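Beneath this line is the structure, given in structure tokens, with notes to follow.
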Amino acid sequence: MAQLTEHLSKILLARYGVPLPTSILVSDVAAANAATTELGSDVAVKAQLPVGGRGKSGAILRANDPESGAQAFSAVTSVYVDGLRAETALVEPWSTIEREVYLAITMDGAAGGPVALFSAEGGIEVEYVQRLRKLSLRDDGTFPVASFRRLAAEDGLPPRFLNEIVAIFQALARAFHALDARVIEINPLAWSGGHALAIDARVIVDDNALFRQPELRGWLTVMSPRHIEDLVRDRSRLEYVKLPGRLGLISSGAGMTMAVMDLIGERGSTAACFLDCSANPTSAGFGAALDLLLGDPAVDAILVSVFGGLTRVDSVARTLVGLLVEKAPDKPITMRLMGTNADKVDGIFAPHGLRNHPVLEEAVTAAIGSMSTAVVPA
Amino acid sequence: MTILATPTTRVLVQGITGRQATWSVEDMLAYGTKVVAGVVPGKGGATHCGVPIYDLVDEAVTATGAQASIVFVPAAAAAEAIREAFDGGCFLVVYPGDGLPIHDAVRLRRLAATYGATLIGPNTAGLISPGKVKLGFMPSHCFSPGRLGVISKSGSLSYEICQRLTDAGIGQSTLVGVGGDPIKGVTIGEALRLFDNDPETDAVLVLGEVGGLEEYQAIDYASRPAAKPVALFLVGRTAPPGRKLGHSSALIGSLQEGYEAKAAALRANGLCVIPTLADVAPAIAGVLPFIQQPEEA
Chain A
0 MAQLTEHLSK
10 ILLARYGVPL
20 PTSILVSDVA
30 AANAATTELG
40 SDVAVKAQLP
50 VGGRGKSGAI
60 LRANDPESGA
70 QAFSAVTSVY
80 VDGLRAETAL
90 VEPWSTIERE
100 VYLAITMDGA
110 AGGPVALFSA
120 EGGIEVEYVQ
130 RLRKLSLRDD
140 GTFPVASFRR
150 LAAEDGLPPR
160 FLNEIVAIFQ
170 ALARAFHALD
180 ARVIEINPLA
190 WSGGHALAID
200 ARVIVDDNAL
210 FRQPELRGWL
220 TVMSPRHIED
230 LVRDRSRLEY
240 VKLPGRLGLI
250 SSGAGMTMAV
260 MDLIGERGST
270 AACFLDCSAN
280 PTSAGFGAAL
290 DLLLGDPAVD
300 AILVSVFGGL
310 TRVDSVARTL
320 VGLLVEKAPD
330 KPITMRLMGT
340 NADKVDGIFA
350 PHGLRNHPVL
360 EEAVTAAIGS
370 MSTAVVPA
Chain B
0 MTILATPTTR
10 VLVQGITGRQ
20 ATWSVEDMLA
30 YGTKVVAGVV
40 PGKGGATHCG
50 VPIYDLVDEA
60 VTATGAQASI
70 VFVPAAAAAE
80 AIREAFDGGC
90 FLVVYPGDGL
100 PIHDAVRLRR
110 LAATYGATLI
120 GPNTAGLISP
130 GKVKLGFMPS
140 HCFSPGRLGV
150 ISKSGSLSYE
160 ICQRLTDAGI
170 GQSTLVGVGG
180 DPIKGVTIGE
190 ALRLFDNDPE
200 TDAVLVLGEV
210 GGLEEYQAID
220 YASRPAAKPV
230 ALFLVGRTAP
240 PGRKLGHSSA
250 LIGSLQEGYE
260 AKAAALRANG
270 LCVIPTLADV
280 APAIAGVLPF
290 IQQPEEA
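As you go down the protein sequences, you meet chains A and B in turn.
So for the first sequence, numbering that gives the first Met the number 0 puts the first residue at 0; every next one is plus one.
So for the second sequence, numbering that gives the first Met the number 0 puts the first residue at 0; every next one is plus one.
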């Protein structure tokens, strides 16, 4: 699930005929100044980041003259949104919006395939807050026009907009299939000067399909900035999400990792991360995971919890011993290894003075306890 | 009885010579699963783990009467392999691998439906009917025979919990790993209907997650007359919205997909939502009409 920047998303959608504002990608203040002049001196300057929430974070600003266009560039490329700071911005003419709607195509588990989503109102966080209308694409991937017209009439979408929306949805349906997309979203699609314009757009591509999407794979390789989570996945095949707590968690299996996060929460603490090593339960994988958490000043202590199935935990124990000897970590590490060959773990740990906590709840309690005794480096 | 596979089901293994497949085939044979054929293009005529290899699925089916397939091929080649299994006449296909492109999952789900066949996966440990048969790579020692059906989105969580159930004397009829992808073969709702028809399953435990709406299918099932008791344990109550946690379906994209909304809706419809890991075995003991002893000591 790799989100492309607005700029890259719009390049793709333009190929399918989606109507877009004129836009200029700029990477310095001089270019921002020139672009503002070229576009008529009333512009939106939009930080290019592959994340949502730019508008409310000050990463999209309006500018009314070339000088303020340049200032807006400096401003939107200095704010952090979701931990990322943009290097480039898109400058577009400011659109006077008469009406806006939300359009998307995504994969839907209940429908067992792609669905079109729409709302007669667009805007910030519409996808999270509002109930969206949902319409399955046909099995051949096409957009069901008549069903859409019926729902759109119920929702009070003015008939004069509908032909344009239908054409855009048909374009999105073609793009969704051709790009192996997970999500294509236009929010808002605005009426400005009597015509539809995709003011903002995002395409989320399926990492698993990049082997047959060479152009997208190439773009993602050079796209910048990217989330540390995505870089860690690409480099080390670890699933990592940073969380607000201070107890680092290394686990195996998504469900199990979430279960341990929840146990940490139940005991009044918070995990510093979701970090799932199941795709790479090797010395390289666990080593990268330890490096990530040992190098993170927000992590006070670490809990390693693995319930091995196919992964034999005696081999995990040997891997961990090797890594701990090599790295000599300065943070307390609590270990819980269970599952296949768990009976051999004590014998591997004992010579190194390490202890296994076979009961998960006890391991979590011990790990939380180790945080208060953690020595804070001077 | 078991659901989906029985000890007499004749199983073929696609990609049988791979490392993970080899480990799994030896493990399944030791468990009693009738592995009758392997399929590896270009290696037809050889044998592996004592199992004859064929170039193509339909050759294996013709020669051995194979009825089900477990597919150990990389995700980029998986769609074609799974399609070949269904086209070759397999009524059940298990795809444990992760990383299947989601557009392929959509097509394969539809293909299975066209054939009236069943796909388990992707991204699953498979299925096991303890003491009888397994098509998957879960650690057998966590499981014991009994009358509780288990449906899980997560492999490792199902091991942890089935180990706790086994330790508490609560055996399992079948564990179905439905997997953590948003588009899949058998879903939670479909697995519940399979357990409904199984006279040897008295109640069902669903191991769900935040993200997606699949757990709500339990409400549809529970509203049937004479539905079997269903309990759910949901992980991810401390997960932040908008972030994918490992499983690609574990992403809270709307309020309905979060923990509080899911748990509240399930409870409001009379389902048992187990609050914490330590409560799972005791709660199941309360849901089941009696605690079963494992049939084999």
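Think of the CB as a built atom: it goes at the ideal place given N, C-alpha and C, for glycine as much as any other residue.
For clarity, every value in this text was computed on a predicted model and none was experimentally measured.
For residue i, which residues of its own chain have a beta-carbon under 6 Å away from its beta-carbon, when the five flanking residues on both sides are left out?
| i | result |
| --- | --- |
| L116/A | A103, L131 and K133 |
| T4/A | Q47 and P49 |
| S60/B | Inspection of the sequence shows that residue 60/B is occupied by Val rather than by Ser. G87 and G88. |
| F72/A | V28, A31, V44 and A88 |
So, at 7 Å on beta carbons, what are the nonlocal neighbours of residue i in its own chain, with the 5 sequence-adjacent residues on each side left out?
| i | result |
| --- | --- |
| E256/B | V209, G210, G211 and L212 |
| R266/B | V272 |
| A69/A | V28, A31 and N32 |
| G284/A | S235, R236, L237 and C276 |
Alpha carbon to alpha carbon, what distance is there between residue j and residue i?
| i | j | result |
| --- | --- | --- |
| V344/A | V132/B | 29 Å |
| G148/B | G52/A | 42 Å |
| I10/A | L270/B | 48 Å |
| L302/B | G188/B | No statement about residue 302/B is possible, as the shown extent of chain B runs from 0 to 296 and does not include it. |
| P293/B | A208/A | Because P293/B sits at a pLDDT of 45, beneath the cut-off of 50, its placement in the model cannot be relied upon, and the following sentence gives the value as read from the coordinates. The alpha-carbon atoms of P293/B and A208/A are separated by roughly 44 Å. |
| P121/B | N162/A | 39 Å |
| S77/A | L293/A | 28 Å |
| T113/B | V50/B | 30 Å |
| V70/B | D97/B | 12 Å |
| L206/B | P224/A | 36 Å |
| I182/B | D107/A | 7 Å |
| S155/B | D54/B | 33 Å |
| D299/A | E228/A | 20 Å |
| S277/A | D290/A | 17 Å |
| G192/A | A85/A | 31 Å |
| V90/A | A74/A | 13 Å |
| S139/B | A29/B | 10 Å |
| P113/A | G140/A | 8 Å |
| R232/A | D180/B | 17 Å |
| P73/B | P65/A | 53 Å |
| F348/A | K330/A | 18 Å |
| D295/A | S371/A | 17 Å |
| L19/A | A197/A | 5 Å |
| P239/B | G252/B | 10 Å |
| L319/A | A75/B | 32 Å |
So what does residue i bridge to, in DSSP terms?
| i | result |
| --- | --- |
| P144/B | Q171/B |
| R132/A | F117/A |
| H47/B | V50/B |
| S128/B | V132/B |
| I301/A | G247/A and I332/A |
| C272/A | K241/A |
| T105/A | V114/A and V182/A |
| Q2/A | I203/A |
| M337/A | F306/A |
| H194/A | S191/A |
| T117/B | L91/B |
| G37/B | V12/B and I52/B |
If I measure Cβ to Cβ from residue i and keep anything under 8 Å in the same chain, skipping five residues before and after, which residues do I get?
| i | result |
| --- | --- |
| A170/A | L12, Y15, G16 and V17 |
| A110/A | K133 and S135 |
| D136/B | Per the sequence presented here, residue 136/B reads as Phe, with Asp not at that position. Excluding sequence neighbours, F136/B sits near Q19, W22, S23, D26, P95, A124 and G125. |
Beta carbon of residue i: closer than 7 Å to some heavy atom of the ligand ATP?
| i | result |
| --- | --- |
| L309/A | Questions concerning the ligand ATP fall outside what the structure shown contains, since it holds no ligand whatsoever. |
Residue ranges of each beta strand (DSSP E) run of no fewer than 3 residues wholly in the region 39-102 of chain A, ordered along the chain?
-> 42-46, 59-62 and 88-92
Evaluate the contact criterion for the region 198-213 of chain A versus the region 167-186 of chain A: three or more CB pairs, one atom per stretch, below 8 Å.
-> yes
Starting from the N-terminal side, write out each stretch of the alpha helix (DSSP H) that is 4 residues or longer and does not extend beyond the region 208-270 of chain A.
-> 213-221, 227-235 and 253-265
Which runs of the alpha helix (DSSP H), 4 residues or longer, sit entirely within the region 3-29 of chain B?
-> none
Is the number of C-beta pairs between the region 221-229 of chain B and the region 162-179 of chain B that are closer than 8 Å three or more?
-> no
For the region 57-75 of chain B against the region 4-16 of chain B, are there 3 or more C-beta pairs whose distance is under 8 Å?
-> yes
Counting Cβ pairs closer than 8 Å, one from the region 349-366 of chain A and one from the region 86-101 of chain B, do we hit at least three?
-> With the rule of 3 Cβ pairs closer than 8 Å, the region 349-366 of chain A does not count as touching the region 86-101 of chain B.
For the region 81-89 of chain A and the region 46-63 of chain A, state whether three or more C-beta atom pairs, one from each stretch, are separated by less than 8 Å.
-> Output reads yes: the region 46-63 of chain A touches the region 81-89 of chain A.
Touching or not, the region 243-263 of chain B and the region 250-262 of chain A, by the rule of three or more beta carbon pairs under 8 Å?
-> yes
Touching by the beta-carbon criterion (3+ pairs, under 8 Å), the region 335-342 of chain A and the region 352-363 of chain A | yes
Do three or more CB pairs link the region 258-266 of chain A to the region 197-205 of chain A at distances below 8 Å?
-> no
Give a yes or no on contact between the region 165-179 of chain B and the region 122-130 of chain B, applying the rule of three or more CB pairs nearer than 8 Å.
-> Result yes; three or more Cβ-Cβ pairs closer than 8 Å.
In chain order, each beta strand (DSSP E) run of at least 3 residues that lies wholly inside the region 161-210 of chain B | 171-176 and 202-208
Taking the runs of the beta strand (DSSP E) that are 3 residues or longer, which of them lie wholly in the region 215-288 of chain B?
-> 229-234 and 271-273
Say whether the region 139-147 of chain A touches the region 56-65 of chain A, bearing in mind that this needs 3 or more beta-carbon pairs closer than 8 Å, one atom from each stretch.
-> Touching, no.
Pairing CB atoms from the region 233-249 of chain A with CB atoms from the region 268-283 of chain A, are three or more of them under 8 Å?
-> yes
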